[in-house]
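Chains as they are written, first to last, in our numbering: chain A, 135 to 442; chain H, 12 to 503.
Glycine included, each C-beta is placed from N, C-alpha and C at the ideal position.
Written out below as structure tokens is the structure these notes cover.
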Amino acid sequence: MEVVQILQGIISLILILGLSPLFVGLVNKQKAIYTGRAGASILQPYYELKKLMKKETINANSSSFISTIAPLINLIAVAAAAAMLPISFARPLISFEGDIILFAYMLGLARFFQVLAAMDIGSSFEGMGAAREATFAVFAEPIFFFTIGSIAFISGFTSIYDIYHSIRLDNISFVVFIIVCSISVFILAVTECSRMPVDDPNTHLELTMIHEVMILDNSGIDLFLYQYSSYIKLFIYVILEASFFYPFAVQSYTLGIIIFVVVIIILSAALAAVETVTSRFKMKNIPHYLLFATAIGILNLLIYTFTK
Amino acid sequence: MNFLTVKNGEVFYRNEIEFLNRNDFQDSVLNALTSGYRMIGLFPVDKKNPNKIVSILSDSVSSSLYIIGCEIPGNKLEFESFANQFPQTNYFECELAENFGYKPVNHPWLRPVRKQNIILGNQLYKFFNIDGDEVHQVAVGPIHAGVIEPGHFRFQCHGELVYHLEINLGYQHRGVESLMLSANPNQRIILSESIAGDTVVGHTYAHCSAIESMTDTQVNLRAQLIRSIAEELERIAMHLSGLGGIANDIGFALPAAAYGRLRTLVINSLAFLCGSRFGRGLFVYGGVRFDFNDENLKQIKGNLEIIKKDISAINDFFFSSTGALLRFENTGIVSKDFAVKIGLVGTAARSCGIELDTRIHFPYGAYRYFPVSPVTLSTGDVFARARLRALEIDESLSFISEQLENLPNGKIISDLNKLRINSGVISIVEGWRGEIVHTAFTDEEGKILQYKIKDPSFNNWYGLSLALRKTAISDFPLCNKSFDLSYAGHDL
């Protein structure tokens, strides 16, 4: 039994790590179609990662060892967070009471090192990007804790796997919470993964970037690590969102996987649609947007408190 | 006053210009500036003889251009700067100082225009700098993250807020003005087509009408109309491309793609006419090289129909989107007062409420017979600059459709005479970006003695600096795109 669970966990992790570039490719392809273009193949992110691996890695003269280790730490931390996520009803590789905190701060650690490395290079651009990333992270963190946290509160569990699998459709308050939570998780995903309308992943304009500006000076394997970890990060949030819908599978593995795939495709379509028809916010308005998502989480808690 | 008064494209003899002494020159120019004239040129008549300079001022009310000269003997090339009272002359004085070693006395802010390492005064130029613990500098360029022209931008920021932006250009300097003097006539047209790659028709038009005026060549009305239609096509194409760029800068993928699609139709129309999507090869001294025929007229009309049908839907979608409006409104404001003071021209000026359109105020070519209506907006923000371009597209579309229906007959090329000796001409054309001024002087053998080009970007870059004051640094790309200025046109 134990071995099977570990195997399932490993397979889940491999799936997450392997499929994450595909999701980005899927979003980009649909975005292209919506704007009337043919677009690159959905496998393009894989080709790009492969290309980056072959490129020479150059570090700025002014940078210290931080710049060298940060990309690797960043990827490992994100991968560790990915190992805590369930796919269908498989128990994730890392799962224990309270892993929700570890999950949040693994992503936090990844960001911390990325910000540190950006400041380490000493360019005014990167410093600016680091400041923005850190500022918006402050607003993004409460979203996670108020939404996932409120469900934890309601279910009484503190492990991501248990939280998700305690969701019962017969309890009407759960259904309300899930709908509300999936909105704020979507906003969280958009923010954390630097997508529209918070950040524009396709822009070439250094001065408007948040995430991209921090990795302007990276090249070769370092850039590969950063890019790959950003793909995984996006996929992590997509799975967070998809997991809300597992209860519909009623404990069947196959149904769970089908739901997983369907939700991912729907989400990629939604993300592409949002990125096509919205424009970016003014940078000073981003905190309002994030606070809105936090407010939704708080609302969840209030509903719970009053209906109890 | 002792000004020589001419119209746009009116040829004059060099000896008609009165060369005053320094004090009288200063007084006359100050007087003219005080009565609301705008400086459009300040340079020596002969490149090799910097002692004799002319100042050209324009008055859009009387549609007149005023020329006054100054002869400063000896090596001490000095005059009292006008820039303290009239900031619009600032850049012209800097240019004169940089190119000919003039020293504008009491100049408030003498800085390099194109040669960054030149020594003006007695030391290398240092950037304006804000001191303090919490302020920081952001230096951008000259090499950028995207495939755009080179330019160096120095921001003085406090957090995300920009207090001051300094723009240093000159990385595209090719010496066009000097090349114009040494080039043979055929090369000159190709040269003027290359002044700014996005204003091929505008610059070539200005150049051709300057040379045609000086050779007393009459251009047939049909040729003039073809020129105007090409110019309006260029205007539409670049406005569409600019709007697409603005949409792209705020990450608004749908309109960006839609504007891009329409732009292709417009530049293809230009290609149907002359074989080049940017209008290269269309102009020739005395007229145009290509004529409308049934086939290309049909294609162009077909394209314009599609554009007319689609543009209003896209504009409605774009300018009613809350997200876009939030980004555009009250971003990068240049007040009318500032705009007048620094002498903005073209779309940037019209979006601040200044009525200034060469096609209307200094009419030339076909616009003398078939006027266009002026479009102005008053808020001076990114919204006004974007909206104005959308409105100008409509205006240009109706101009083209009207003229395509009523093309007069006639030959399209007239024979060119010889250049008049010892004369000069000022030719102004409203390019899509604004006022393009080409000034030419000939010597006693009928060769070109001086050729001076002023792209609208020369005036407007400083407007961008002002627009950025108290604006978030993350809005810079949007403001930049809304001005849509040329690096090559400025650097020459």
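Neighbour flag for residue i against chain A, beta carbons, 9 Å
i: D495 (chain H); result: no
i: Q167 (chain H); result: no
i: F394 (chain H); result: no
i: G262 (chain H); result: yes
i: F487 (chain H); result: yes
i: E145 (chain H); result: no
i: I278 (chain H); result: no
i: R272 (chain H); result: yes
i: G85 (chain H); result: no
i: L315 (chain H); result: no
i: G162 (chain H); result: no
i: A194 (chain H); result: no
i: H522 (chain H); result: Given that chain H is displayed from residue 12 to residue 503, the structure contains no residue 522 (chain H) and the question cannot be resolved.
i: H218 (chain H); result: no
i: V158 (chain H); result: yes
i: I318 (chain H); result: no
i: A268 (chain H); result: yes
Residue of the options minimising C-alpha distance to residue i
i: Y181 (chain A); options: A:S316, A:V372, A:F199 and A:Y362; result: A:Y362
i: D35 (chain H); options: H:N13, H:S46 and H:I51; result: H:N13
i: F358 (chain A); options: A:N208, A:L147, A:S198 and A:A264; result: A:N208
i: I145 (chain A); options: A:G283, A:L219 and A:V212; result: A:L219
i: E245 (chain H); options: H:R233, H:S407, H:P196 and H:N110; result: H:S407
i: L405 (chain A); options: A:G263, A:L322 and A:A211; result: A:L322
i: V158 (chain H); options: A:S300, A:H338 and A:M343; result: A:H338
i: I392 (chain A); options: A:Y423, A:F223 and A:F311; result: A:F223
i: V356 (chain H); options: H:I130, H:R49 and H:A397; result: H:R49
i: E409 (chain A); options: A:F157, A:L341 and A:T169; result: A:T169
i: V299 (chain H); options: H:R185, H:L427, H:E340 and H:G271; result: H:L427
i: G261 (chain A); options: A:C327, A:L147 and A:H345; result: A:H345
i: S289 (chain A); options: A:P421, A:I277, A:R302 and A:F279; result: A:R302
i: P161 (chain H); options: H:E177, H:D142 and H:G181; result: H:G181
i: F270 (chain A); options: A:A427, A:I167, A:I234 and A:S196; result: A:A427
i: S74 (chain H); options: H:P374, H:G474, H:N491 and H:I424; result: H:P374
i: N133 (chain H); options: H:E109, H:S252 and H:I344; result: H:E109
Test: residue i CB closer than 9 Å to a CB of chain H
i: S353 (chain A); result: no
i: R414 (chain A); result: yes
i: S196 (chain A); result: no
i: Y360 (chain A); result: no
The alpha helix (DSSP H) enclosing residue i, as first and last residue numbers
i: H214 (chain H); result: V211 to M225
i: H501 (chain H); result: Y498 to D502
i: Y102 (chain H); result: N101 to F111
i: R266 (chain A); result: S258 to S289
i: Q235 (chain H); result: L232 to D260
Residue j beta carbon less than 9 Å from that of residue i
i: T281 (chain A); j: G232 (chain A); result: no
i: E204 (chain H); j: F294 (chain H); result: yes
i: L121 (chain H); j: F54 (chain H); result: no
i: F494 (chain H); j: A359 (chain H); result: yes
i: M249 (chain H); j: W443 (chain H); result: yes
i: S280 (chain H); j: Q414 (chain H); result: no
i: Q99 (chain H); j: N341 (chain H); result: no
i: I221 (chain A); j: F394 (chain A); result: yes
i: I294 (chain A); j: I234 (chain A); result: yes
i: L15 (chain H); j: E82 (chain H); result: no
Residue i, enclosing beta strand (DSSP E) - first and last residue
i: V4 (chain H); result: The requested residue 4 (chain H) does not occur in the structure, where chain H is confined to residues 12 to 503.
i: V347 (chain A); result: Taken as a continuous stretch (DSSP letters only), V347 (chain A) belongs to no beta strand (DSSP E), as it is neither H nor E.
i: I159 (chain H); result: Taken as a continuous stretch (DSSP letters only), I159 (chain H) belongs to no beta strand (DSSP E), as it is neither H nor E.
i: T337 (chain A); result: T337 (chain A) -> no beta strand (DSSP E), and no H or E assigned at all.
i: C285 (chain H); result: Taken as a continuous stretch (DSSP letters only), C285 (chain H) belongs to no beta strand (DSSP E), being part of the alpha helix (DSSP H) at A264 to C285.
i: Y77 (chain H); result: S75 to E82
i: M50 (chain H); result: R49 to D57
i: I459 (chain H); result: I459 to K465
Chain A contacts from the region 333-346 of chain H (Cβ-Cβ distance under 7 Å) = G334, A335, L337 and R338
Note down, in chain order, all residues in the region 164-176 of chain A with a beta-carbon under 8 Å from any beta-carbon belonging to chain H.
-> K165, Y168, T169, G170 and R171
When you check each C-beta in the region 237-256 of chain H against every C-beta of chain A, which residues fall closer than 8 Å?
-> none
Of all the residues that make up the region 332-350 of chain A, which are near chain H by a beta-carbon distance shorter than 8 Å?
-> D334, N336, T337, H338, L339, E340, L341, T342 and L350
Going along the region 407-440 of chain A in order, which residues come within less than 8 Å of chain H, judged by CB to CB distance?
-> E409, T410, V411, T412, S413, R414, F415, K416, M417, K418 and N419
Residues of the region 258-277 of chain A with Cβ closer than 9 Å to any Cβ of chain H, in chain order = S258, F259, G261, M262, A265 and R266
With 9 Å as the C-beta to C-beta threshold (strictly closer), list the residues of the region 305-331 of chain A near chain H in chain order.
-> M330 and P331
Residues, ordered as in the chain, of the region 119-149 of chain H that lie near chain A by beta-carbon distance below 9 Å = H147, Q148 and V149
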